[in-house]
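Note that the protein sequences, when read in sequence, are chains A and B.
Numbering-wise (the numbering used here), the first sequence opens with residue 372 and increments by one.
Numbering-wise (the numbering used here), the second sequence opens with residue 10 and increments by one.
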Amino acid sequence: EPEVTQTPSHQVTQMGQEVILRCVPISNHLYFYWYRQILGQKVEFLVSFYNNEISEKSEIFDDQFSVERPDGSNFTLKIRSTKLEDSAMYFCASSAGTEAQHFGDGTRLSIL
Amino acid sequence: QKEVEQDPGPLSVPEGAIVSLNCTYSNSAFQYFMWYRQYSRKGPELLMYTYSSGNKEDGRFTAQVDKSSKYISLFIRDSQPSDSATYLCAMREDTGRRALTFGSGTRLQVQP
Chain A
372 EPEVTQTPSH
382 QVTQMGQEVI
392 LRCVPISNHL
402 YFYWYRQILG
412 QKVEFLVSFY
422 NNEISEKSEI
432 FDDQFSVERP
442 DGSNFTLKIR
452 STKLEDSAMY
462 FCASSAGTEA
472 QHFGDGTRLS
482 IL
Chain B
10 QKEVEQDPGP
20 LSVPEGAIVS
30 LNCTYSNSAF
40 QYFMWYRQYS
50 RKGPELLMYT
60 YSSGNKEDGR
70 FTAQVDKSSK
80 YISLFIRDSQ
90 PSDSATYLCA
100 MREDTGRRAL
110 TFGSGTRLQV
120 QP
């Protein structure tokens, strides 16, 4: 069964550094998403992306965040200047349209 | 009032029991309802996806949506130790917005 893959599984970064999280969505999907889950808290929506542009974003997704689809298969989330509070699991998801979103296994981001 | 409320558990049942998991919500614009299963250190895995009110059955799983009460349920029949996981409800509006709003998750333990 097709799946969403994310790399790396764990990323450790110094505060203030830039980090890029990578995702390969399911190949025939057109909508791409990033969510995060801080330890012990709910999964929270960050951003959705369609037709090479952001279609929706939450108030969490401020100017330090950006997303990109650099080629036909990858979808990335960049955090420009990481803060301690950015430590979380980051999940990528994709969907074909109105169908359900399918999630990857996440990248655990640890900010030191 | 939180937008989506879900009892965190833990819920402990013997193998073979019928499990009932529930969420309530406040946003009457929610039209798509999902249940995800999340194992430790893994991403949410889609179990059930329903639109508007009614029941949907898939194997041992039944999802129910009562929009008049703003209440959704997931029933698991003949529960197995492998069903031990955290169960997340999620929902979204039937508009251009695709962001999912998640419950906090219910941790289920099925005892052999």
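Where is the CB? At the ideal position from N, CA and C, for every residue including glycine.
- Its chain contains Arg86 as the residues whose beta carbon lies nearer than 6 Å to that of Ile27 of chain B, once the 5 sequence neighbours on both sides are disregarded; these appear in chain order.
- Listed in chain order, the beta strand (DSSP E) runs fully inside the stretch 381-430 of chain A are 381-384, 390-395, 402-408, 414-421 and 424-428, counting runs of at least 3 residues.
- Identification of chain A residues near Arg106 of chain B by a Cβ-Cβ cut-off of 7 Å yields Glu427, ordered along the chain.
- Burial of Leu448 of chain A is indicated by the presence of at least 16 other C-beta atoms within 10 angstroms of its C-beta.
- Assignment of Asp434 of chain A by DSSP, reduced to helix, strand and coil, places it in the coil class.
- The Cβ of Ser113 of chain B sits closer than 8 Å to at least one Cβ of chain A.
- For Arg50 of chain B, the number of other beta carbons within 10 angstroms of its own is below 16, and it is reported as exposed.
- When C-beta distances to chain B are compared with 9 Å, the residues of the stretch 466-477 of chain A below that value are Ser466, Thr469, Glu470, Ala471, Gln472, His473, Phe474, Gly475, Asp476 and Gly477, in chain order.
- Beta-bridge partners of Lys79 of chain B (DSSP): none assigned.
- Check the Cα spacing between Asn399 of chain A and each of A:Phe462, A:Glu470, A:Phe436 and A:Phe432: the tightest is with A:Glu470.
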